[in-house]
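The sequence shown: position 41 = 695 (this note's numbering), numbered continuously. Note that CB positions come from ideal geometry on N, CA and C, so glycine has one too. On a predicted model such as this, the values are computed, not experimentally measured, just so you know. Beneath this line is the structure, given in structure tokens, with notes to follow.
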Amino acid sequence: METWKSLKLDGVAKIEKCVAEFNIWELNLTPWSKFKVKIYEDSNGNFTGYTNLLLKTESGPEGAVGYGNSVEEALKDTVTYFLSMLNQRTHISQDDFEAVDPYDF
């Protein structure tokens with residue numbers, strides 16, 4: 655039997671598996687006290703993390719993306735990047751954030 659990592663389907667460019675979801679409690683910079691990070695594994699064993707909170711920028715809303723060779727590395731990279739995005743701002747209000755639609759996250 656094939657594992658999901660070895661599946662080859664016509665017309666499918668990539669398959670990722672959601673392997674973890676975390677609630678990150680942050681009390682100083684985000685307006686809702688917490689945000690979520692989902693970690694996906696690709697068929698090559700690489701891990702990518704995404705935040706459900708986006709920071710509004712001049713070019714549109716941007717979320718943090720992090721990478722790693724494990725769930726923990728991707729989580730740390732994603733949260734570190736997101737906090738650095740927030741710390742670059744001199745003033746942050748609730749209006750500076752946008753949440754990803756739950757359907758898409």
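Close beta carbons around residue i, own chain, < 7 Å, minus the five adjacent residues each side
i	result
Pro685	Gln748, Phe751
DSSP-derived helix/strand/coil call for residue i
i	result
Thr705	strand
Thr711	strand
Val666	coil
Close beta carbons around residue i, own chain, < 6 Å, minus the five adjacent residues each side
i	result
Tyr694	Glu670, Cys672, Thr702
Val754	Asn706
Boundaries of the alpha helix (DSSP H) in which residue i is found, first to last residue
i	result
Phe736	725-741
Own chain residues within Cβ distance below 8 Å of residue i, not counting five before or after
i	result
Glu675	Lys690, Val691, Lys692, Ile693
Leu681	Ser687
Lys668	Asp696, Ser697
Ser660	Ser697
Tyr735	Ala718, Val719, Gly720
Closest Cα partner of residue i within the set the options
i	options	result
Phe759	Ser687, Asn741, Asn706	Asn706
Ala625	Ser724, Glu712, Asp664, Leu729	Since the first residue of the chain shown is 655 and the last is 759, residue 625 is not available in this structure.
Gly720	Gly714, Tyr704, Asn700	Tyr704
Beta strand (DSSP E) segment containing residue i, residue limits
i	result
Phe759	Here Phe759 belongs to no beta strand (DSSP E), and DSSP marks it neither H nor E.
Runs of alpha helix (DSSP H) lying entirely within the stretch 668-699, each at least 4 residues, in chain order = For the alpha helix (DSSP H) assignment, the stretch 668-699 encloses no uninterrupted run of at least 4 residues.
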